[in-house]
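J.: Take this structure, written in structure tokens, and hold onto it; I'll ask about it next.
In the numbering used here, the protein residues as written are -10 to 123.
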């Protein structure tokens, strides 16, 4: 009877270990089937821009993901399925930046840095527009 109980425990251990290995290998397989887009966002004087709203859209499926740039201006979109993507960066006071047709393949980490141009201040825009109209 004791031998039967010990062999049953051994079978359960083997099954549990097999399931754990299966789960871990599935996680690695999923990670290998994706890519990433990373980069840094700066202004025209090479200063880091935190708080930039970034939208990444898959061209084929239309699925979009968003993130905000970190304090040092960096951003990262991980776990991307292979395909073509468009990236838009927006921050009040700056012109919208767009990167199109970014192609992600399996296990590729694509780096795309973005330089955003500052819009003229509201006072300057109204003054410039009124002088143009004259």
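Glycine included, C-beta positions come from ideal geometry on N, C-alpha and C.
Remember, predicted model here, so these are calculated numbers, not experimental data.
(1) In whole angstroms, give me the CA-to-CA distance for residue 56 and residue 9.
(2) Is it buried or exposed, residue 67, if we count other Cβ atoms within 10 angstroms and call 16 or more buried?
(3) Could you compute how far the alpha carbon of residue 116 sits from the alpha carbon of residue 40?
(4) Checking 8 Å against the spacing of the C-beta atoms, do residue 47 and residue 72 come in under that value?
(5) When the Cα atoms are used, what is the spatial distance from residue 62 to residue 31?
(6) Suppose you measure from the CA of residue 69 to the CA of residue 93; what does that come to, to the nearest Å?
(7) Alpha carbon to alpha carbon, how far is residue 84 from residue 105?
(8) Given a cut-off of 8 Å, decide if residue 45 and residue 76 are closer than it, judged by their beta-carbon atoms.
(9) Have a look at residue 148 and residue 87 and give me their C-alpha separation to the nearest angstrom.
(10) Which ranges would you report for the beta strand (DSSP E) in the stretch 46 to 110 if only whole runs of at least 3 residues count?
(11) Going by other Cβ atoms of all chains shown within 10 Å of its Cβ, with 16 needed for buried, is residue 36 buried or exposed?
(12) For residue 25, report the span of its beta strand (DSSP E) as first-last.
T.: According to the data block:
(1) 33 Å
(2) exposed
(3) Confidence is the limiting factor: at residue 116 the pLDDT is only 45, short of 50, which leaves the residue's position unreliable and the question unanswerable from this model.
(4) yes
(5) 7 Å
(6) 7 Å
(7) 6 Å
(8) yes
(9) Residue 148 lies beyond the range of the chain shown here (-10 to 123); nothing can be said about it.
(10) 53 to 57, 63 to 69, 72 to 79, 86 to 93, 98 to 100, 103 to 105
(11) exposed
(12) 24 to 32
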